[in-house]
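Note sheet for the following structure.
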Amino acid sequence: MLRGVNRVLLALVGLVLTALGGSVLAIGLGAPAPSWWLHDGRHDVLLDEAERTRWRDDGWWWPVVLAVLAVLVLLCLWWLLAVVRRRRLAEVAVDTGDGEGAALRGRALEHVLAEEANHLDGVERAHVLLTGRRDTPRTRVVVLLEPHVDPGTALNALTTGPLTHARDSAGLPALPTKVRLRGVKHRPERVT
Numbered sequence: 243m244l245r246g247v248n249r250v251l252l253a254l255v256g257l258v259l260t261a262l263g264g265s266v267l268a269i270g271l272g273a274p275a276p277s278w279w280l281h282d283g284r285h286d287v288l289l290d291e292a293e294r295t296r297w298r299d300d301g302w303w304w305p306v307v308l309a310v311l312a313v314l315v316l317l318c319l320w321w322l323l324a325v326v327r328r329r330r331l332a333e334v335a336v337d338t339g340d341g342e343g344a345a346l347r348g349r350a351l352e353h354v355l356a357e358e359a360n361h362l363d364g365v366e367r368a369h370v371l372l373t374g375r376r377d378t379p380r381t382r383v384v385v386l387l388e389p390h391v392d393p394g395t396a397l398n399a400l401t402t403g404p405l406t407h408a409r410d411s412a413g414l415p416a417l418p419t420k421v422r423l424r425g426v427k428h429r430p431e432r433v434t
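Sequence positions in the sequence shown follow this note's numbering and run 243 to 434.
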């Protein structure tokens, strides 16, 4: 969902900035300004003396301006952190028993889990995402089931098969998992 919101916000901001920048550039190069435009022509300044000093003496003006700018900065920082923050776990700490330990690549574990889940009976496709911390990983699994499969049976096969193998092979005490089961879209069968 965050990816969709991010794309929509980036598209809107891009369109607004492109439209404003293009119109300012066009008027600056000599195109006639429309009647609703903020400025009259290519030699007009962005903020003239009257616009800059209109509300200077009002006590509410500067606190409102600063509050709006602070909210905009906080929203931009939140957006930046949401985009930059890693959702995928890079590696999993594995206890080797000799006191040293080892690191297992998160993508490798995701790939093995997905491949083993893909070989289960009735599974069309599986997608695995590893999240959490190095020592306490969690998984999110999306399984696309074929039409004839019982979801309970498929979930049981997934938990007793690939997820148990992954937990045991990585030496993890637990591997909390969220599983989303979805059915393959198919045409209805004709009964005669």
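Just so you know, even glycine gets a beta-carbon here, dropped at the ideal spot from N, CA and C.
{"Check": "Suppose the cutoff is 7 Å on Cβ atoms and the five residues either side in sequence are ignored; what does the same chain contact list for P404 look like?", "Outcome": "L355, E358, A359"}
{"Check": "Give me the Cβ distance between T419 and V383, rounded to the nearest whole Å; I'm assuming they're in contact under 8 Å.", "Outcome": "6 Å"}
{"Check": "On the DSSP bridge assignment, give the partners of H369 in chain order.", "Outcome": "V384"}
{"Check": "What residue does the beta strand (DSSP E) around G348 start on, and which one ends it?", "Outcome": "Run containing G348: none in the beta strand (DSSP E); it sits in the alpha helix (DSSP H), 348 to 360."}
{"Check": "Leaving out the 5 sequence neighbours to the left and right, which residues in its chain are closer than 7 Å to V352 when beta-carbon positions are compared?", "Outcome": "The identity of residue 352 in the sequence shown is Glu, whereas the question assumes Val. For E352, where only same-chain residues beyond five positions count, the Cβ hits under 7 Å are V370, L371, L372."}
{"Check": "Could you tell me which of D340, H361, R376 sits nearest to L346, measuring between CA atoms?", "Outcome": "R376"}
{"Check": "Assign E333 to one of three DSSP states: helix, strand, or coil.", "Outcome": "strand"}
{"Check": "Which runs of the alpha helix (DSSP H), 4 residues or longer, sit entirely within the stretch 386 to 431?", "Outcome": "393 to 400, 406 to 412"}
{"Check": "Using a Cβ-Cβ cut-off of 7 Å (strictly less than) and excluding sequence neighbours within five positions of H407, which residues of its own chain qualify?", "Outcome": "E358"}
{"Check": "Distance check for V255 and L322, CA to CA, integer angstroms please.", "Outcome": "14 Å"}
{"Check": "DSSP on P274, reduced to helix/strand/coil?", "Outcome": "coil"}
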